[in-house]
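So the structure is just underneath, and the comments pick up after that.
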């Protein structure tokens, strides 16, 4: 499928045909067993439907970055899609950026600190506003969280190797311990 550079917004709004072209773009190779969307779902523990949804939002975000005349900041889930797409270097640098977006889209990490966080919080607020302006609707809140949730510091979040670890929520663990204790007490009465 031939890829054409997307048109810029007209009067601040994405043209319908351009939006369709953006969403129709397939990330990564098509003729492989594990597609980009499947890998994104697998690596993040998401359903395939949710991963597809995030990919659509990622493509919208990339459009905003390259056609919005401002610095944009992604949601956490959109950022996961962006990170993964950067590993598909041929698709990202040889097709997606030059042939669809019409320019390079670089991703840089935060340098940390309160000043940098405040800058990115403001960029995120502006990204949400730009999204609504360009796409004619508010960004979906299940992917685009409010700014305080997006920038909450979850110091307990970590990557976990599921092949060598069992992950269970604390609330589920407590319920299982209570259930085991009750069963133990009941069995003790019958012995």
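Residue numbers (the numbering used here): 20 to 210. Here a beta-carbon is modelled for each residue, glycine too, at the ideal position from N, C-alpha and C.
Less than 9 Å between CB atoms is the rule here; does residue i satisfy it with respect to chain D?
i: residue 65; result: Among the chains in the structure shown there is no chain D, since it carries only a single protein chain.
From what residue to what residue does the alpha helix (DSSP H) around residue i run?
i: residue 37; result: 35-43
i: residue 148; result: 133-154
i: residue 55; result: 55-63
i: residue 29; result: Here residue 29 belongs to no alpha helix (DSSP H), and DSSP marks it neither H nor E.
i: residue 99; result: 95-106
i: residue 167; result: 166-169
i: residue 79; result: 67-86
Going by Cα to Cα distance, which pick from the options is closest to residue i?
i: residue 139; options: 50, 72, 90, 70; result: 90
i: residue 56; options: 35, 39, 78, 37; result: 78
i: residue 94; options: 206, 45, 168; result: 168
i: residue 126; options: 60, 66, 80, 203; result: 80
i: residue 144; options: 157, 188, 132; result: 157
i: residue 98; options: 164, 187, 200, 134; result: 164
i: residue 51; options: 107, 134, 199, 150; result: 107
i: residue 65; options: 96, 151, 187; result: 96
i: residue 88; options: 186, 39, 148; result: 148
Rounded to a whole number of angstroms, what is the C-alpha to C-alpha distance between residue i and residue j?
i: residue 92; j: residue 122; result: 17 Å
i: residue 12; j: residue 86; result: Since the first residue of the chain shown is 20 and the last is 210, residue 12 is not available in this structure.
i: residue 117; j: residue 22; result: 10 Å
i: residue 170; j: residue 141; result: 11 Å
i: residue 155; j: residue 128; result: 30 Å
i: residue 208; j: residue 194; result: 21 Å
i: residue 33; j: residue 153; result: 6 Å
i: residue 191; j: residue 199; result: 12 Å
i: residue 203; j: residue 196; result: 10 Å
i: residue 68; j: residue 188; result: 23 Å
i: residue 150; j: residue 205; result: 58 Å
i: residue 130; j: residue 172; result: 15 Å
i: residue 186; j: residue 35; result: 44 Å
i: residue 100; j: residue 162; result: 12 Å
i: residue 132; j: residue 44; result: 37 Å
i: residue 105; j: residue 49; result: 17 Å
List the whole-angstrom C-beta distance separating residue i from residue j, where the pair is believed to meet the contact cut-off of C-beta under 8 Å.
i: residue 46; j: residue 110; result: 6 Å
i: residue 59; j: residue 120; result: In fact, because the Cβ distance is near 19 Å, the residues do not count as touching under 8 Å.
i: residue 83; j: residue 146; result: 6 Å
i: residue 136; j: residue 103; result: Rounded, the Cβ-Cβ distance is 24 Å, inconsistent with contact.
Would the segment 71-78 and the segment 25-32 be scored as touching if the rule is three or more Cβ pairs under 8 Å? no
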